[in-house]
Amino acid sequence: MELIFLILTIIALVATVVFGFLQVIVPFIKGEVRLSKRFPFVEGGDVAGTKKRKRRKKKSTKRYLIPIFAVAVLVVAFVLVKSLMFQTTVKRVPIAVMTFKNRSGDRNLDYLCEAIPNLLITNLEQSKYLSVMTWERMHDLLKVLGEEDLGSINEDVGFELCELDGINAIVMGSFTRADGMFVTEVKVLDVRTKKLLKSASSQGDGVASILRIQIDELSGDIAKSVSLYERVTTPTEMKVMDVTTTSMEAYNYFLRGREDYEKWYYEDARRFLEKAIEIDSTFASAYLYLSWVYDWLNDYKKSNGALKKAKAFSDKVTEKEKLYIEATYATVIEDDSEKSLRIREQLTAKYPKEKRVHVNLARYYEKKGLNHRAIEEYNKALELDPNYGVALYKIAYRYADIGDYAKAIEYFKQYAAVSPGDANPFDSMGDLYFQMGQLDEALAQYKEALFVKPDFYISNGRIAYICALHEEYAEAMQWLDHLVTTGPSAGTQAGGLCQKAFYSHLLGNTEQAVRSLNTAENLLEPTEFDFGMALVDWIWTWIYCEQGKLERSRRHLTDCYANLYDIPYNRVFFNFYKGSIELKQQTFDSVKARIATIESLLPNMTQAYRDHAQFLHALLYAEMLLAQDSLEKSITIFEEPSKFEVNIAPAAVFMAIHIPYDKDVIARAYLKKGDVGRAISEYEKLIDSDPNNRGRSLIRPRWRYKLAKLYEEQGFRAKAIEQYEKFLDIWKDADADRPELLDARKCLVKLKAG
Numbered sequence: 092m093e094l095i096f097l098i099l100t101i102i103a104l105v106a107t108v109v110f111g112f113l114q115v116i117v118p119f120i121k122g123e124v125r126l127s128k129r130f131p132f133v134e135g136g137d138v139a140g141t142k143k144r145k146r147r148k149k150k151s152t153k154r155y156l157i158p159i160f161a162v163a164v165l166v167v168a169f170v171l172v173k174s175l176m177f178q179t180t181v182k183r184v185p186i187a188v189m190t191f192k193n194r195s196g197d198r199n200l201d202y203l204c205e206a207i208p209n210l211l212i213t214n215l216e217q218s219k220y221l222s223v224m225t226w227e228r229m230h231d232l233l234k235v236l237g238e239e240d241l242g243s244i245n246e247d248v249g250f251e252l253c254e255l256d257g258i259n260a261i262v263m264g265s266f267t268r269a270d271g272m273f274v275t276e277v278k279v280l281d282v283r284t285k286k287l288l289k290s291a292s293s294q295g296d297g298v299a300s301i302l303r304i305q306i307d308e309l310s311g312d313i314a315k316s317v318s319l320y321e322r323v324t325t326p327t328e329m330k331v332m333d334v335t336t337t338s339m340e341a342y343n344y345f346l347r348g349r350e351d352y353e354k355w356y357y358e359d360a361r362r363f364l365e366k367a368i369e370i371d372s373t374f375a376s377a378y379l380y381l382s383w384v385y386d387w388l389n390d391y392k393k394s395n396g397a398l399k400k401a402k403a404f405s406d407k408v409t410e411k412e413k414l415y416i417e418a419t420y421a422t423v424i425e426d427d428s429e430k431s432l433r434i435r436e437q438l439t440a441k442y443p444k445e446k447r448v449h450v451n452l453a454r455y456y457e458k459k460g461l462n463h464r465a466i467e468e469y470n471k472a473l474e475l476d477p478n479y480g481v482a483l484y485k486i487a488y489r490y491a492d493i494g495d496y497a498k499a500i501e502y503f504k505q506y507a508a509v510s511p512g513d514a515n516p517f518d519s520m521g522d523l524y525f526q527m528g529q530l531d532e533a534l535a536q537y538k539e540a541l542f543v544k545p546d547f548y549i550s551n552g553r554i555a556y557i558c559a560l561h562e563e564y565a566e567a568m569q570w571l572d573h574l575v576t577t578g579p580s581a582g583t584q585a586g587g588l589c590q591k592a593f594y595s596h597l598l599g600n601t602e603q604a605v606r607s608l609n610t611a612e613n614l615l616e617p618t619e620f621d622f623g624m625a626l627v628d629w630i631w632t633w634i635y636c637e638q639g640k641l642e643r644s645r646r647h648l649t650d651c652y653a654n655l656y657d658i659p660y661n662r663v664f665f666n667f668y669k670g671s672i673e674l675k676q677q678t679f680d681s682v683k684a685r686i687a688t689i690e691s692l693l694p695n696m697t698q699a700y701r702d703h704a705q706f707l708h709a710l711l712y713a714e715m716l717l718a719q720d721s722l723e724k725s726i727t728i729f730e731e732p733s734k735f736e737v738n739i740a741p742a743a744v745f746m747a748i749h750i751p752y753d754k755d756v757i758a759r760a761y762l763k764k765g766d767v768g769r770a771i772s773e774y775e776k777l778i779d780s781d782p783n784n785r786g787r788s789l790i791r792p793r794w795r796y797k798l799a800k801l802y803e804e805q806g807f808r809a810k811a812i813e814q815y816e817k818f819l820d821i822w823k824d825a826d827a828d829r830p831e832l833l834d835a836r837k838c839l840v841k842l843k844a845g
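Be aware that the sequence shown starts at 92, since it is given in our numbering, and climbs by one per residue.
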């Protein structure tokens, strides 16, 4: 319709010019009319000096012809220009490309049944006159029809898919091979009438000719068959090798890697994508996906390297892929969140039917703590594909974050239903049950995830933490050994070793902690896994601070912070530990400054971080008050924040919320007041056998030792023996020279003898 309107406009312009020539220009030349003094009007062309008759003349309409003609030409010209401009914003013709049939008789070529249509889709996407259904969208619609396991799409299913999505034209095709020649044929049909719009074929020497010749030839034929603009204007130049790769083998590896990435099978995806870039070192799209895969595998050096390669070769991708590269680059390399947001919003505006662009934008919002806006975008993705696993699992977490557990469970169950055989749904359900305090159910789900996929390393750390909550440390260490063994990258293995180091020091075995940290450092050195290095330095900070080696502790804290993003929460973490070191040095003015800094940062944080930041602020403040003998205020300040709850178990790495801080500050305050009974009561709360009663926070074994000492002092012999025995059992592998260990053994012998 737009083209017809354009043609009619041109005809109108020509007619206006002809009419003006006959009615104005010709009479002007003949002298029948002349320009008036009030140009652009005209008046009759009477000869000068002729005596005029004194009678009232009828007004001539010719005097208005030039202005009318001028206005008419301008109006028609304006419409014509607008019509020409409209070509850039013309409504795109919706088209879909189905799977191709292998008529060669060679099963080794079956991969081309998907590779050829994917290449055609990529090429046709370059036309500004076409709106091409993506391969992913096609499979989403197959799920809606209950045909997700359909290997080859026949015409009936193809037409049904197109009708569901408002598609105008459908492309079906096949390929064959004879005497070394490779032939590809396509048929383009009108979805509404099912009439053939175009049949075309292309041939070349071998499979390599598909990329070199055939995709481009067929793309041009397809585009012209469904778009008048592609026929009458300059057709879109479509060269598939300019926006993908020069190798069919590399493209096949890319498709397999992309599919495994979508299934969360990152190690498998890594292998295929690395193969793709090994064959074609300029394959930008493969570099982009490989960057995402390395990121999930905690290998940030390789992730950043792959992303930089994707950016360097981003002229070899489609407009859509280029926007993905630029959005990721702005976030990761340039650290420009505003630029990243602009690009993500541009993606959603240009490709509203792409579910991934909505998830991409939603993930930006969730990192900013904007859960409700993230939910809106995830819902848009789910409107396009109700069974989209990533959106289902992500929206479930967001509902859990806002406390709507019923909704979260609903989405997690739906996620599990649409992802049979996948491990992640079970791990995700485990996270929800953990947050709800249903630890047995959480443990069962995490174990099920590992049963489904034994190398699903994420669940190992979570199981270890639940074991540690119940003080089953030997079992916790076994799960961490499994994490280190099955971790698919140096970064994940180092994360497991850091957890082992943490637990080892908690259990008094600092020698083992040091060995684990040294191994982790060696693994991390070539990875540029900044958070992993920060974790190592934090554990060193903790160990040296407790040993009173404060200068070493401070140095590692500085190194730790240098490897963290400069966000308010990390600044809180840094100031808390800096203040803790200064507190041991009794430089109270410096500690007060740290407390004030933390307080000033609290309003700038999302709720997800603010609760723990408030806990750290209150703990440091209470410790300072205790050191200054302001005992009542110390108790009051920390009483409410001490109820902070851990809402997620650690995966491959520990986070700040999992640290069992010296939060026995209230017990120590009561003890300093001389109220031993209240001190005992506080320690009993801290070692409650139900993890939920202590906010799913770990028990520090030394609290049992301290409680045993108080029981002994108060004459509670049986209770003291119980706590000493429990402490010594937990610390059975502790460093032999630990004072608490030596004293506990001596006290236990004495109590049992008495």
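No residue lacks a Cβ here, since even glycine has one placed at the ideal position from N, Cα and C. Remember, predicted model here, so these are calculated numbers, not experimental data.
Can you grab the Cα-Cα spacing for the pair residue i / residue j, in whole Å?
i, j, result
"phenylalanine 525", "glycine 786", "11 angstroms"
"tyrosine 442", "alanine 472", "12 angstroms"
"arginine 147", "lysine 182", "Any answer about arginine 147 is weak, because its pLDDT of 47 lies below 50 and its placement is not dependable; what the coordinates show is given next. Answer to the nearest angstrom: the Cα atoms are 58 angstroms apart."
"arginine 154", "lysine 413", "In this predicted model, arginine 154 has a pLDDT of only 49, less than 50, meaning its place in the structure is not dependable; the value taken from the coordinates is given anyway. Distance between the alpha carbons of arginine 154 and lysine 413: 60 angstroms."
"alanine 269", "serine 195", "8 angstroms"
"tryptophan 822", "leucine 598", "5 angstroms"
"methionine 846", "alanine 260", "No information on residue 846 is available, as it lies outside the stretch 92 to 845 that the chain covers here."
"asparagine 389", "leucine 615", "10 angstroms"
"glutamine 814", "alanine 758", "17 angstroms"
"serine 292", "tyrosine 352", "34 angstroms"
"valine 408", "alanine 487", "33 angstroms"
"serine 372", "threonine 336", "9 angstroms"
"methionine 176", "leucine 215", "Residue placement at methionine 176 is flagged as unreliable, the pLDDT there being 47, under the threshold of 50; the coordinate-derived value follows with that caveat. Cα to Cα, methionine 176 sits roughly 22 angstroms from leucine 215."
"methionine 624", "alanine 740", "20 angstroms"
"glutamate 457", "tyrosine 506", "19 angstroms"
"glycine 586", "tyrosine 548", "11 angstroms"
"asparagine 654", "serine 376", "29 angstroms"
"leucine 200", "tyrosine 342", "13 angstroms"
"leucine 608", "isoleucine 304", "56 angstroms"
With distances taken Cα to Cα, identify the nearest neighbour of residue i among the options.
i, options, result
"lysine 315", "Glu276, Glu436 and Tyr220", "Tyr220"
"leucine 541", "Cys651, Asp518 and Asp522", "Asp518"
"alanine 418", "Leu398, Leu608 and Gly670", "Leu398"
"threonine 618", "Trp383, Ile416, Lys393 and Asp753", "Lys393"
"glutamate 239", "Glu227, Phe250 and Tyr537", "Glu227"
"glycine 257", "Val277, Ser222 and Gly311", "Ser222"
"aspartate 531", "Ile212, Pro782 and Asn209", "Pro782"
"alanine 491", "Phe503, Gly480 and Glu365", "Phe503"
"glutamate 730", "Tyr712, His463 and Glu251", "Tyr712"
For residue i, is the beta carbon positioned less than 7 angstroms from some heavy atom of the ligand MN?
i, result
"serine 218", "Only the bare structure without any ligand can be found here, which leaves the ligand MN out of the picture."
So, for residue i: in the same chain, excluding its five sequence neighbours on each side, which residues have a beta-carbon less than 7 angstroms away from its beta-carbon?
i, result
"glutamate 445", "Thr225"
"phenylalanine 735", "Asp702, His703, Phe706 and Gly786"
"alanine 421", "Asp427, Lys430, Ser431 and Ile434"
"methionine 696", "Pro659, Tyr660 and Ala704"
"alanine 827", "none"
What does residue i pair with, by DSSP beta-bridge criteria?
i, result
"aspartate 296", "Met272"
"alanine 187", "Ile261"
"leucine 571", "Beta-bridge pairing links leucine 571 to no other residue."
"valine 277", "Gly264 and Ala291"
In its own chain, which residues sit with a C-beta less than 6 angstroms from the C-beta of residue i, not counting the 5 before and 5 after it?
i, result
"leucine 461", "none"
"cysteine 204", "Thr190, Phe191 and Asn193"
"lysine 400", "Tyr378"
"threonine 141", "Residue placement at threonine 141 is flagged as unreliable, the pLDDT there being 46, under the threshold of 50; a coordinate-derived value is accordingly withheld."
"arginine 643", "Tyr635"
"tryptophan 355", "Asn515"
"methionine 272", "Gln294"
"aspartate 779", "Arg785"
Between which residues of its own chain and residue i is the CB-CB distance below 8 angstroms, once the five residues before and five after are set aside?
i, result
"lysine 683", "Met715"
Check whether the Cβ of residue i lies closer than 8 angstroms to any Cβ atom in chain C.
i, result
"proline 741", "Absence of chain C from the displayed structure is noted, only one protein chain being present."
Hey, which unbroken runs of the beta strand (DSSP E) at 3 residues or more fall wholly within the stretch 200 to 275?
221 to 223 and 260 to 269
With a floor of 4 residues, list each alpha helix (DSSP H) that falls wholly inside the stretch 642 to 703, ordered by position along the chain.
659 to 675 and 679 to 692
Write down every uninterrupted run of the alpha helix (DSSP H) in the stretch 336 to 417 whose length is 4 residues or greater and which is fully enclosed by it, in chain order.
339 to 353, 357 to 370, 375 to 387 and 391 to 403
In chain order, which alpha helix (DSSP H) runs of at least 4 residues are fully inside the stretch 496 to 560?
496 to 509, 515 to 527, 530 to 543 and 549 to 560
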